[in-house]
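Numbering (the numbering used here), first residue to last: 84 to 269. Here's the structure, in structure tokens; my notes come after.
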Ligand code: S3P
């Protein structure tokens, strides 16, 4: 068992804050496996997220997210970096599961950066609106305290290179785990 890093590392944060890119980079760097809750749900459902939202509704998608996390917990995954869908914090039970399984890293970015990173992507149903800026601002306002209270570590990704962010994160994870060692590690 690695003494420096937590059992699992969960990336949370709004759409377009860099979770997928940084999860990939971090998992490569520390030799952890890589999981993406959206990709797992799509695989399981056999349908894209836009279709799940359109046919079953957002509430059904949220249930799928919780079931996904419950499955990861039941499988006792260890040494994984998990990139989570931006709305994962909207259900308190999700945060509880992630806490039990590892450390939670919140990525943030300015509204302008989020809009720039998501503007050409049609795969996010919540942003398919005539006024994406308004939607982003509303969702951020509704979620900000949920993100902040879930996070063990918070990193602002605005204007930073991915490599730079991962270096900063590795430093913080080491500090964080020496202050709060994970219990029961071999
Ligand atoms: C969502 C974020 C998306 C995806 C779904 C809903 C959200 O994931 O789970 O479209 O509610 O913020 P990303 O944050 O990976 O884009």
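Virtual Cβ for every residue (Gly too), placed ideally from N, Cα, C. Everything numeric in this text was worked out from a predicted model, so none of it was measured.
The shortest CA-to-CA distance from residue 141 to any of 168, 106, 161 is the one to 168. Inclusion of residue 196 and residue 129 in the CB contact set at 9 Å is not warranted, their separation being larger than that value. Inclusion of residue 124 and residue 159 in the CB contact set at 9 Å is not warranted, their separation being larger than that value. By the rule of a C-beta closer than 6 Å to any heavy atom of the ligand S3P, the residues picked out are 98, 102, 121, 132, 168, 169, 170, 207, 208, 209. For residue 237, the three-state secondary structure derived from DSSP is strand. Annotation for residue 166: the continuous beta strand (DSSP E) segment containing it runs 163-166. By DSSP's assignment, residue 217 forms no beta bridge with any residue. Across the structure, residue 119 and residue 96 are spaced so that their CA atoms are roughly 13 Å apart.
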